[in-house]
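J.: Right, I'll just put the structure down here and ask away after.
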Amino acid sequence: MLSGTIPITVTVTPRRNEPTGIDVDADLTGVQFTPPVAAFGKQAGRAGRVSARLSVAADSALRIDRFNVDAGGTVASGSAERAHD
Numbered sequence: 018m019l020s021g022t023i024p025i026t027v028t029v030t031p032r033r034n035e036p037t038g039i040d041v042d043a044d045l046t047g048v049q050f051t052p053p054v055a056a057f058g059k060q061a062g063r064a065g066r067v068s069a070r071l072s073v074a075a076d077s078a079l080r081i082d083r084f085n086v087d088a089g090g091t092v093a094s095g096s097a098e099r100a101h102d
């Protein structure tokens, strides 16, 4: 369960003959979340941030070049790519 306001900044960078870049940054400071595992919860007012860089191609290929979460003592990062099929 998420409650609160999440300011999000999205920047789209079209590139000729290359996938479009999308940068997403969300400030989780004002958000409280209470997941099923209490150890991963976060109170409102405690710093938190999510950021990601995605690449989207015209053929609908999607790649998450980076994904970072740092909130409530939980830190995670990664990347992913969706196969064409």
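Take 18 as the starting number for the sequence shown in the numbering used here and just add one per residue. For every residue, glycine included, the Cβ atom is placed at its ideal position computed from N, Cα and C.
1. Tell me, to the nearest whole angstrom, how far the beta carbon of Ser68 is from that of Val48; I am working on the premise that it is less than 8 Å.
2. Inspect the CB distances between the segment 54-65 and the segment 28-35 and report whether three or more fall short of 8 Å.
3. Considering just the uninterrupted stretch of the beta strand (DSSP E) at Gly38, what are its terminal residues?
4. My guess is that Arg66 and Ala97 are in contact by the Cβ rule of under 8 Å, so how many angstroms apart are they, rounded?
T.: According to the structure shown:
1. On the sequence shown, position 51 is the one that residue 68 refers to. On the sequence shown, position 31 is the one that residue 48 refers to. Rounded, the Cβ-Cβ distance is 15 Å, inconsistent with contact.
2. no
3. Along the sequence shown, read from residue 1 onward, the residue named residue 38 stands at position 21. Gly38 -> beta strand (DSSP E) spans Thr37 to Asp44.
4. Working through the sequence shown from its first residue, we reach residue 66 at position 49. Working through the sequence shown from its first residue, we reach residue 97 at position 80. Actually they are not in contact, since the Cβ atoms of Arg66 and Ala97 sit about 19 Å apart, beyond 8 Å.
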